[in-house]
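Note sheet for the following structure.
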Amino acid sequence: MLAMRGIHKSFDGTQALRGVDFSANRGEVHAIVGENGAGKSTLMKILSGAIARDVGEIMLDGAPADVSTPFAAHRLGIRAVYQEFSLVPHLTVAENILLGQMPPSRVPGCVDWNEAHRRAEEILHTIGFVGIDVRSVVRRLSVSHQQMVEIAKAAAVRPTIMILDEPSAVLSQEELNRLFALVRQLKQEGTLVLYISHRLDEVYEIADRITVLKDGQLVGTVQPLTADQGQLIRMMVGRSLGEIFPSRQPPCDEVALEVKGLGREGSFSDVSFSLHRGEVLGMSGLVGSGRTQVVRCIFGADPSDRGELFLNGQRVHPRSPREAVNEGIALLTEDRKRDGLVLICSIRDNASLASFEWLSRWGVIHRRRQAAEVQQKVKELDIRPPMIDRLARQLSGGNQQKLVLAKWLMTRARVLILDEPTRGVDVATKVAIYQLISDLAADGIGILLVSSELPEILGLSDRALVMREGRVVAEFTRAEASEEKLLAAAAGVRQ
Amino acid sequence: MTSELAPRPSTPAQAQGRLQARLLGKAGALGRRRWVDYAFIGAFLLLLVITATVSDVFFTQRNLSNLGRQAVTNGLLSLGMLVVVLTGGIDLSVGSVVALAAIMVSGLSKGGMPLLLAILICLVVGAVAGAVNGLFIARFKLQPFIVTLATMGAIRGLVFVYSDTPITPTDPAFRAVLGAGFVGPFPVSALIMLACYPIVWFFINRARAGRAIVAIGGNEEAVRLAGINVSWHILLAYMISGLFSALAGVMLASRLGIAQPSVGSGFELDAIAAVVIGGAALGGGGGGGSVFGTLAGVLALGMIDNLLNLFNVQSYYQQIFKGLIILVAVLWRRKQ
């Protein structure tokens, strides 16, 4: 039904796609996988009219398809949900879903709000997304709910081709299940669903066929039943990865950070745990369980109402990130574009942002020392291209994530809090970050690892905490922990 | 011939790859230089050439030094404005601070205060006015546009309370040295203004606080979470703007030899224009703003004023023309 032939695309002289021949059928869930920069998103954006191809043809049901603009693609029933949201943040959910097709009221030029809300609710309901108030302003929704609204908006028009670019990155397991139900429903109705994801487990669960892209070329298309994950990873990275998770050394007994009875009205309460030097303490739980709020309070980014913190046995009370940084605590936030990076600034500035103080004398930055330190970190983390005057926004997602890590490593923090450190990065970068976490722990740094990816928690942590509804509900040692146990605790299921 | 030039024969693809790598490397080294900047410099030079051929008065020492002296006020205001715009803000109160400093320096020196002390007090007052702006913006999180619009009115009122009639400064040194003094062929006031540019360049590009200010304009939350005191740096930016506005007011009084309480209204527009022509993006993070781009903007605007004066174009038409130039400059950059 869909056939893309000989697609070429280059950006500023870099070949993003070189002669891709891709085809897919109606009523199929077709996954597209590959490392960051393999060309998945570019291919999808060409199909949805967001960018123009250089060479190549696109056929839909045997006829050439006009996808020169998003509008043209919409008319053909092609809808896309990208990683970057296209919602209007200060409008309500209903307005966003019905954008451009608000029901008019009898008074000319006005909107029939009751009808609008009813219709939006109906749309959310038929696709199985409940629990989102259509009257609330999108800006106030959690990232995962925003993602659901985005998907609802695209699915509402019953598209012929639905493109989902990394939809699960911000969704919890439960939301993911709802998304899958929706995908299956669309498939039944004859929609072609193109599904991009880094999470291979998901791909295996939902996809009928899997196409692998690498360096802008199509490596092959396989069926989940005949190719296992190892084979797929080899196709993606062109080599066998061996062990994804590095081996770990046991942590010391010395406590680096102790949290006692920490609480914040309305988001979490009575959170207590200790983090040892050289330990990786996993923190898992569904999106919205309060994990991010807890670490933000520890870091002083948000105020806490009660509870105490001890750093190396000393009581501390960071009231701002500044105080936390001075105490040797670092927090890698979950959304690098929103609050991790200054995209208009260089690698140099971004990497040293949290270290200006010790890099300067009398308020003037020691340029040579700064360059040396940044270059060192760029080399250690293998940030590419290794040019420190490049702007952060010119880097790929994986390299941006490494840059945020570099910023915190430069502060020489003794307690490192990582909130979703591998969100939206490619497999190779993931492996590099896992190795880094292991190395840092071996150097005696205490690491609190917040992650939605259970394999990550299981593969790296010495102990794992589970949060649910603002409380720590379970703790497992490395030996005890399993995906089933963590999930059951997170969802509140008794075993 | 080609084989002599190339070190050794290679496939077109390899050669292209190398060329790409070299070009990308260049782009990285040059950082933010874009072709618009060169185009802008080109247009500037073209304007100069046209002027030289059309007018025989322009390239006289007298006219050039006039141009330099007239550009002093906007040159100083634009520097302060640039620092504020880099944080993602705007300062509309600069014109009123100019008037306040002008009238105070005249009034204080007329009352018998030593000139240097009077100037110093004016500079402090300017910085304090900036601090008030900064306090409301950084501490109480109000919109910079609204806050500085309010202080623009309030400070203007304060000026009229201080004196609703023009004051003539009496100290002869004030006019003779600052206003009309020369070092060789160069006016003292223009030299002072020009000297401020490398200082601010150093502050923005080398000082810890300057880098923090630039980063705040890009992503305030990321900077806060990096352990930097965002409020203080925003406050500092507005204080710098207030300081330069006050300095501009002092220089203006010394050039005119009289301080009107109504002086300086509308000056904020020229300053914003210079900063924008210089490449800064207003609102949403002043990315791209550069010190020397701003200087080019100041000189270009000054030159346009000067030229239109030489050709006896009425000042109303001058305003229309300047407005158009700003729109074209911004549009041109947006095309990128």
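Quick note, the sequences are listed as chains F and Z, same order.
Just so you know, we're using the working numbering here: the first sequence kicks off at 107 and counts up by one.
Just so you know, we're using the working numbering here: the second sequence kicks off at 2 and counts up by one.
Every residue, glycine too, gets a C-beta built ideally from N, C-alpha and C.
Residue i and residue j: beta carbons closer than 9 Å?
i, j, result
"residue 77 (chain Z)", "residue 208 (chain Z)", "no"
"residue 322 (chain F)", "residue 531 (chain F)", "no"
"residue 381 (chain F)", "residue 405 (chain F)", "no"
"residue 138 (chain F)", "residue 146 (chain F)", "yes"
"residue 476 (chain F)", "residue 492 (chain F)", "no"
"residue 184 (chain F)", "residue 267 (chain F)", "yes"
"residue 340 (chain F)", "residue 329 (chain F)", "no"
"residue 126 (chain Z)", "residue 101 (chain Z)", "yes"
"residue 187 (chain F)", "residue 253 (chain F)", "yes"
"residue 573 (chain F)", "residue 303 (chain F)", "no"
"residue 310 (chain Z)", "residue 320 (chain Z)", "no"
"residue 563 (chain F)", "residue 592 (chain F)", "yes"
"residue 440 (chain F)", "residue 556 (chain F)", "yes"
"residue 180 (chain Z)", "residue 257 (chain Z)", "yes"
"residue 106 (chain Z)", "residue 246 (chain Z)", "no"
"residue 164 (chain F)", "residue 109 (chain F)", "yes"
"residue 308 (chain Z)", "residue 56 (chain Z)", "yes"
Could you tell me the alpha carbon to alpha carbon distance between residue i and residue j, rounded to whole angstroms?
i, j, result
"residue 31 (chain Z)", "residue 190 (chain Z)", "For residue 31 (chain Z), the predicted structure reports a pLDDT of 37, less than 50, and the residue's modelled location is therefore unreliable. A value from the coordinates is still provided. Approximately 33 Å between the Cα atoms of the pair."
"residue 291 (chain F)", "residue 264 (chain F)", "10 Å"
"residue 459 (chain F)", "residue 187 (chain Z)", "41 Å"
"residue 595 (chain F)", "residue 527 (chain F)", "22 Å"
"residue 395 (chain F)", "residue 576 (chain F)", "5 Å"
"residue 568 (chain F)", "residue 545 (chain F)", "14 Å"
"residue 515 (chain F)", "residue 90 (chain Z)", "31 Å"
"residue 220 (chain Z)", "residue 184 (chain Z)", "44 Å"
"residue 278 (chain F)", "residue 251 (chain F)", "10 Å"
"residue 194 (chain F)", "residue 208 (chain F)", "15 Å"
"residue 135 (chain F)", "residue 46 (chain Z)", "60 Å"
"residue 412 (chain F)", "residue 379 (chain F)", "15 Å"
"residue 335 (chain F)", "residue 447 (chain F)", "33 Å"
"residue 542 (chain F)", "residue 210 (chain Z)", "31 Å"
"residue 27 (chain Z)", "residue 84 (chain Z)", "Here residue 27 (chain Z) scores only 36 on pLDDT, less than 50, and its place in the model is too uncertain to base an answer on."
"residue 357 (chain F)", "residue 386 (chain F)", "8 Å"
"residue 288 (chain F)", "residue 230 (chain F)", "11 Å"
"residue 488 (chain F)", "residue 509 (chain F)", "10 Å"
"residue 201 (chain F)", "residue 177 (chain F)", "19 Å"
"residue 132 (chain F)", "residue 171 (chain F)", "15 Å"
"residue 286 (chain Z)", "residue 82 (chain Z)", "The predicted model places residue 286 (chain Z) with a pLDDT of 47, which falls under 50 and marks its position as unreliable, so this point remains unresolved."
Among the candidates the options, whose CA atom is the shortest distance from the CA of residue i?
i, options, result
"residue 146 (chain Z)", "Z:319, Z:95, Z:73, Z:329", "Z:95"
"residue 444 (chain F)", "F:324, F:225, F:507", "F:507"
"residue 393 (chain F)", "F:287, F:597, F:539", "F:597"
"residue 206 (chain F)", "F:222, F:213, F:214", "F:222"
"residue 327 (chain Z)", "Z:307, Z:271, Z:308", "Z:271"
"residue 375 (chain F)", "F:385, F:410, F:342, F:352", "F:410"
"residue 365 (chain F)", "F:587, F:122, F:170, F:554", "F:554"
"residue 283 (chain F)", "F:312, F:198, F:588, F:580", "F:312"
"residue 465 (chain F)", "F:486, F:499, F:498, F:518", "F:518"
"residue 71 (chain Z)", "Z:155, Z:313, Z:119, Z:268", "Z:268"
"residue 418 (chain F)", "F:204, F:451, F:384", "F:384"
"residue 501 (chain F)", "F:537, F:462, F:454", "F:454"
Enumerate in chain order the residues of its own chain whose CB-to-CB distance from residue i is below 7 Å, with the five nearest sequence positions on each side excluded.
i, result
"residue 232 (chain Z)", "139, 140"
"residue 161 (chain Z)", "262"
Excluding the 5 residues preceding and the 5 following residue i in the sequence, name in chain order all residues of the same chain whose CB lies nearer than 6 Å to its CB.
i, result
"residue 194 (chain Z)", "73, 76, 77"
"residue 296 (chain Z)", "198"
"residue 521 (chain F)", "362, 363, 435, 552"
"residue 408 (chain F)", "402"
"residue 539 (chain F)", "527, 528"
"residue 266 (chain Z)", "96"
"residue 430 (chain F)", "405, 406, 424"
"residue 198 (chain F)", "241, 243"
"residue 252 (chain Z)", "73, 190"
"residue 330 (chain Z)", "278"
Rounded to whole angstroms, how far is the Cβ of residue i from the Cβ of residue j, which I believe are closer than 8 Å?
i, j, result
"residue 228 (chain Z)", "residue 428 (chain F)", "4 Å"
"residue 292 (chain Z)", "residue 202 (chain Z)", "4 Å"
"residue 355 (chain F)", "residue 548 (chain F)", "5 Å"
"residue 235 (chain F)", "residue 258 (chain F)", "6 Å"
Can you give me the Cβ contacts of residue i inside the same chain, cut-off strictly under 8 Å, excluding the 5 residues immediately before and after it?
i, result
"residue 422 (chain Z)", "Given a span of 2 to 337 for chain Z in the structure shown, any question on residue 422 (chain Z) remains unanswerable."
"residue 165 (chain Z)", "262"
query = Which residues, in chain order, does the region 355 to 374 of chain F contribute to contact with chain C at a C-beta distance below 8 Å?
reply = In the displayed structure, chain C is absent; the protein chains listed are F and Z.
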